[in-house]
Amino acid sequence: MTEALKLAVVGHTNVGKTSLLRTLTRDIGFGEVSHRPSTTRHVEGARLSVDGEPLLELYDTPGLEDAIALLDYLERLERPGERLDGPARTARFLDGSEARQRFEQEAKVLRQLLASDAGLYVIDAREPVLAKYKDELAVLAGCGKPLLPVLNFVAQPGHRDEEWRQALARLGLHALVRFDSVAPPVDGERRLYESLALLLEQARPKLQRLIEDHEAQAAARLASGQRLIAELLVDVAACRRSVAAQPELERGAIRELHDAVRRREQRCVEALLRLYAFRQDDAAASDLPLLDGRWGDDLFNPETLKQLGVKIGGGMAAGAAAGAGVDLMVGGITLGAAALLGAIAGGGAQTARHYGNRLLGKLKGQRELSVDDAVLRLLALRQRQLLAVLATRGHAATEAIRLATPQDQGWREGKLPEALQRCRAHPEWSSLNPGARLQDGERQMALDELQAELRQG
Amino acid sequence: MTVRPSPDLTPLDRIWLTEAVRLREEHAGPLDDDEANRQARTQGGDLPALIERRALWLAHRDGLIEALRHWRQGARLGALALILLALFTGAGLAFAALGDGQRPVNVFWALGSLLGLNLLTLLGWLLGLLLTGDSSGALGRLWLWLSEKLARDARAAQLAPALLSLLHQRRLSRWLLGTGVHALWLLAMASALLTLLALLATRRYGFVWETTILGENAFVGLTQAFGALPALLGFSVPDVEQIRASGALAGDLDGDLDGARQRWAGWLVGVLLVYGLLPRLLLASLCLWRWRRGRAALTLDLNLPAYRLLRERLQPPSERLGIRDAAPAQLHAPTAGAQLDGSAGAVLVAIELDGSRPWPPALSKGIADAGILDDREGRRRLLDQLTRFPPARLAVACDPRRSPDRGTLALIGELSRCAAATRVWLLQAPPGEALDSARLEDWHQALDTLGLTHSSCAPLRWLETGHD
Chain A
1492 MTEALKLAVV GHTNVGKTSL LRTLTRDIGF GEVSHRPSTT RHVEGARLSV
1542 DGEPLLELYD TPGLEDAIAL LDYLERLERP GERLDGPART ARFLDGSEAR
1592 QRFEQEAKVL RQLLASDAGL YVIDAREPVL AKYKDELAVL AGCGKPLLPV
1642 LNFVAQPGHR DEEWRQALAR LGLHALVRFD SVAPPVDGER RLYESLALLL
1692 EQARPKLQRL IEDHEAQAAA RLASGQRLIA ELLVDVAACR RSVAAQPELE
1742 RGAIRELHDA VRRREQRCVE ALLRLYAFRQ DDAAASDLPL LDGRWGDDLF
1792 NPETLKQLGV KIGGGMAAGA AAGAGVDLMV GGITLGAAAL LGAIAGGGAQ
1842 TARHYGNRLL GKLKGQRELS VDDAVLRLLA LRQRQLLAVL ATRGHAATEA
1892 IRLATPQDQG WREGKLPEAL QRCRAHPEWS SLNPGARLQD GERQMALDEL
1942 QAELRQG
Chain B
6 MTVRPSPDLT PLDRIWLTEA VRLREEHAGP LDDDEANRQA RTQGGDLPAL
56 IERRALWLAH RDGLIEALRH WRQGARLGAL ALILLALFTG AGLAFAALGD
106 GQRPVNVFWA LGSLLGLNLL TLLGWLLGLL LTGDSSGALG RLWLWLSEKL
156 ARDARAAQLA PALLSLLHQR RLSRWLLGTG VHALWLLAMA SALLTLLALL
206 ATRRYGFVWE TTILGENAFV GLTQAFGALP ALLGFSVPDV EQIRASGALA
256 GDLDGDLDGA RQRWAGWLVG VLLVYGLLPR LLLASLCLWR WRRGRAALTL
306 DLNLPAYRLL RERLQPPSER LGIRDAAPAQ LHAPTAGAQL DGSAGAVLVA
356 IELDGSRPWP PALSKGIADA GILDDREGRR RLLDQLTRFP PARLAVACDP
406 RRSPDRGTLA LIGELSRCAA ATRVWLLQAP PGEALDSARL EDWHQALDTL
456 GLTHSSCAPL RWLETGHD
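Residue numbers (the working numbering), protein chains in the order written: chain A, 1492 to 1948; chain B, 6 to 473.
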């Protein structure tokens, strides 16, 4: 196995080096991130592997804070009449005593850069181009390693992208990457690694492999997320409660149904967060449209539906039994009979028996509760929204993102997918019902169809 | 516990157990899998191999492999019972068709009892294959239900659903079930054929056909139509005369009675072989072939969310390497001070301002403007100057939007050592912008540590007069 490519992530203090590492490693717990300068005071590494083969090692370093004084000091290290090149001067500095005292932190950075194949020089693009940054680059250049400037925070207002470009060009650094570690562009990682491959030609195959694997993983993660949402929708659509037709019992059953659906949605949210390696109690997760890892707006509040633009029927708008469509006596029987026929056509004795019971219940004056279409739409809309945010969110996000209302017109107003309608007739498909058959072949088929629907719409 | 997964597991068993473990984790929450993961990782391999090895390790620990063995034993016993049932059914069919030889055999009744049920179920199977998309069908569900009832411990409870879900992946259950059903019917038909031959060999049967409303020609045509295919294989077909003769009352026949019997017997055997045995043989082979091909193509569906999470643990795309170079016990701290001898005058200096704000502010005559410090040369020049002519009051203006790094603090400290009194002026944000309160707090802390007075109001009055 070949050696992994080693990269040192360097830069001024407080420009987001640890954040960049978090985003690149998708590890939200890596290091410590805060607004304070000198948060990271040690060198810490992380390794990226593909199929068990290590390809890239990234090292987080302390921030350079005193580069002006260090550059002065480095220049004084040259004895009269002597002409040292960068690496020799850096080596002499590292051997000296100041490397353990005043410039202890800077020495760590330089040592790590010397031990690496290249450096990523992280820049806070909102900062003006100050002389100290130029001196930092001069100090780093003394290590004789290729440097790739990474403009961080370019997605935020007030960045000075152009100024930095010009300044870096004057210093001879023409290749640079814009990469916002909070809201990384979709192809951000690809561009970062491709630019690196330009600097380190021999590492191109490794970087290419990393790019391809990461993109494949991203697509697979998205598919998994859609699967989780499809399962949620099937579970909720197929959920049914039978209750005697007495207002009091009905209210209790509706409350119970609501709670079950809320818990189910919460499970989906948690699964999505886990899938994208966010933790519920993370600062990053708290800026999602979630509160402490939960949706703030209640699922069964008509207001929530309105906010997401889901049209609601009269009964729900009045707030009566919001979200639980009560299958009335007549309607219930027709639905039951149709479903029974469908079940017989499908050849399932089990299903037929289930419907027999339901019909019997109807005749005994029981009512069936199921979850309203509008709630299904809402679930689909906001879980998709969450998935979309998660997919584009860096693991370093520390500031809130405002969500635009999703343009999911299809889910908001159009016909619900046929597969979802089918779930209505199969109570045994819902994990919320007793006696669920989750491995049922038809259920899996419905899941596949829904997943495809979620991918498109 | 060192575990080598049993070598006698077939690839299907392995993938089946893997699926069962996945379902178990899905239903009962994640298992304690640290050791399993480690074991799997140390042996290396690609992701499906790792997942499989982990699952087998867990399956072994939790007795799933044992359960699978029991299950297989049960399945074998069941199969044996079914085979016996098929053999007896076939023999019974043949007995029922031919009777005890006391009375002549009605050929079409015999044919109906030999083939009728077989052809009806075959038709049912074909219809099911064509019409329903549901691959597991009624039999599959029956089996699932049975195994649920029979599963004695919870560990094995996921075995049957796992197999079904696995088979669903490639729509294999219809082929597996088809293989079973057709093989059983094949056995039954073979048993019927043998019994038929044995009976025909050892007893003497007369063959007749009877009708109330149909004509003779209908039976002649039917007999010859049925016999056409077997005739290609060399089976005899009664000629028209013999057929007609069999329509008359038995025994009322002159001529070659034995010849007609033999021809009828040959015809019956041929029809049973071609319409009973051969279709089942062909279908059983087809199903077996599809099943084998499908089984070989079975893989883990790595896109399942459960496997996505496992991948992170078995082949972590990123791992922490730990701290390479530890943090120092304490950072080098810049210090402030004051130069007390021979100082006079007041100086205002700004550090690292960007061009967006007007600088300097209007100053009265007594205050010297030292400009904006940014690069090394400027710093050195000013420090030289201040060391030579230390001012009585020095105000340092900073932009709190920059971060208070050690370099800047060291510079402020160095400047403060050149003046009798130093104050830091933390500038307000330019119009239309706001200061980051967290960063402002950092500045306050850093300056407090340095021991310098700081304020966000312009200290111009202090510079001028020495008091506020």
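Each residue gets a CB set at the ideal place from its N, CA and C atoms; glycine is no exception.
Computed from a prediction, not measured in an experiment: that's the story for all the values here.
Return the Cβ separation of residue i and residue j in integer angstroms, given the expectation that the two are a contact with Cβ distance under 8 Å.
i	j	result
A:L1870	A:V1725	No, A:L1870 and A:V1725 are not in contact; Cβ-Cβ is about 11 Å, not under 8 Å.
B:P445	B:P405	Before going further, note that residue 445 of chain B is Leu rather than Pro in the sequence given. With a Cβ gap of about 5 Å, B:L445 and B:P405 count as contacting.
B:E57	B:R19	6 Å
B:L388	B:V354	With a Cβ gap of about 11 Å, B:L388 and B:V354 do not count as contacting.
A:R1712	B:R313	6 Å
B:L63	B:D38	6 Å
A:L1512	A:L1546	So it is not a contact: roughly 15 Å between Cβ atoms.
Leaving out the 5 sequence neighbours to the left and right, which residues in its chain are closer than 7 Å to residue i when beta-carbon positions are compared?
i	result
A:K1599	V1534, T1552, P1553
B:L87	L189
A:L1631	V1501, L1604, G1610, Y1612, L1638
B:H414	Note that residue 414 of chain B is Leu in the sequence shown, not His. Excluding sequence neighbours, B:L414 sits near P339, A451, L455.
A:R1913	A1937
Near residue i, which residues of its chain fall below 6 Å by C-beta distance, leaving aside the five closest residues on each side in sequence?
i	result
B:L440	P405, A434
B:G383	none
A:G1804	Note that A:G1804 scores 48 on pLDDT, short of 50, meaning its location in the model is unreliable and no value can be drawn from it.
A:E1944	P1908
A:L1782	Here A:L1782 scores only 48 on pLDDT, less than 50, and its place in the model should not be relied on; the value that follows carries that caveat. The answer is none, since no qualifying residue turns up.
Terminal residues of the continuous beta strand (DSSP E) containing residue i?
i	result
A:K1697	That residue, A:K1697, is in no beta strand (DSSP E); its alpha helix (DSSP H) goes 1695-1728.
A:D1502	It should be pointed out that residue 1502 of chain A corresponds to Gly in this sequence rather than to Asp. Here the beta strand (DSSP E) through A:G1502 covers 1496-1502.
B:T427	426-431
A:N1643	1638-1643
B:Y210	Here B:Y210 belongs to no beta strand (DSSP E), and DSSP marks it neither H nor E.
A:Y1612	1609-1615
A:E1548	1544-1551
B:I328	323-330
Exposed or buried, what is residue i when buried is set at 16 or more other beta-carbons lying within 10 Å of its beta-carbon?
i	result
A:E1909	exposed
A:R1742	exposed
A:E1692	exposed
B:I248	buried
A:Q1603	buried
A:A1499	buried
B:F93	exposed
A:H1503	buried
B:Q107	exposed
A:V1506	buried
A:G1572	exposed
A:N1643	buried
B:D51	exposed
A:Q1947	exposed
Excluding sequence positions up to five away, which residues of its chain have a Cβ less than 8 Å from the Cβ of residue i?
i	result
B:A236	V242, G275
B:L181	L172, C292, W296
Could you please give the first and the last residue of the uninterrupted alpha helix (DSSP H) stretch that includes residue i?
i	result
B:T94	69-103
A:V1734	Note, A:V1734: premise wrong, no alpha helix (DSSP H); beta strand (DSSP E) at 1731-1735.
B:N42	39-48
A:L1740	1738-1766
A:R1946	1932-1947
A:C1914	1909-1915
B:C403	Premise fails: B:C403 lies in the beta strand (DSSP E), 398-403, not in any alpha helix (DSSP H).
B:R385	381-393
B:D453	442-455
*Contact between the region 331-338 of chain B and the region 194-204 of chain B (3+ Cβ pairs under 8 Å)*: In the pairwise beta carbon analysis, the region 331-338 of chain B is classified as not touching the region 194-204 of chain B: fewer than three pairs are separated by under 8 Å.
_Measuring CB atoms only, is the region 1630-1640 of chain A touching the region 1517-1527 of chain A, in the sense that at least three cross pairs come out at less than 8 Å?_
With a cut-off of 8 Å on Cβ pairs, the region 1630-1640 of chain A is not in contact with the region 1517-1527 of chain A, counting fewer than three such pairs.
_Tell me whether the region 69-80 of chain B and the region 163-180 of chain B touch, counting them as touching only if at least three CB pairs, one residue from each stretch, are closer than 8 Å._
Taking 8 Å as the limit for Cβ pairs, the verdict is that the region 163-180 of chain B does touch the region 69-80 of chain B.
*Is the region 1657-1664 of chain A in contact with the region 1618-1634 of chain A, if contact means three or more CB pairs nearer than 8 Å?*
Three or more pairs of CB atoms, one per stretch, sit closer than 8 Å, so the region 1657-1664 of chain A contacts the region 1618-1634 of chain A.
*State whether the region 116-130 of chain B contacts the region 262-271 of chain B, with contact taken as three or more CB pairs (one from each stretch) at a distance under 8 Å.*
No: the two stretches stay apart, fewer than three of their Cβ pairs being nearer than 8 Å.
*Three-pair Cβ contact test at 8 Å for the region 1506-1519 of chain A versus the region 318-325 of chain B*: With the cut-off at 8 Å, the region 1506-1519 of chain A and the region 318-325 of chain B touch.
_Check whether the region 1715-1734 of chain A and the region 1678-1696 of chain A are in contact - that is, three or more C-beta pairs closer than 8 Å._
Look at the beta carbons and you see the region 1715-1734 of chain A not touching the region 1678-1696 of chain A: under three pairs across the two are nearer than 8 Å.
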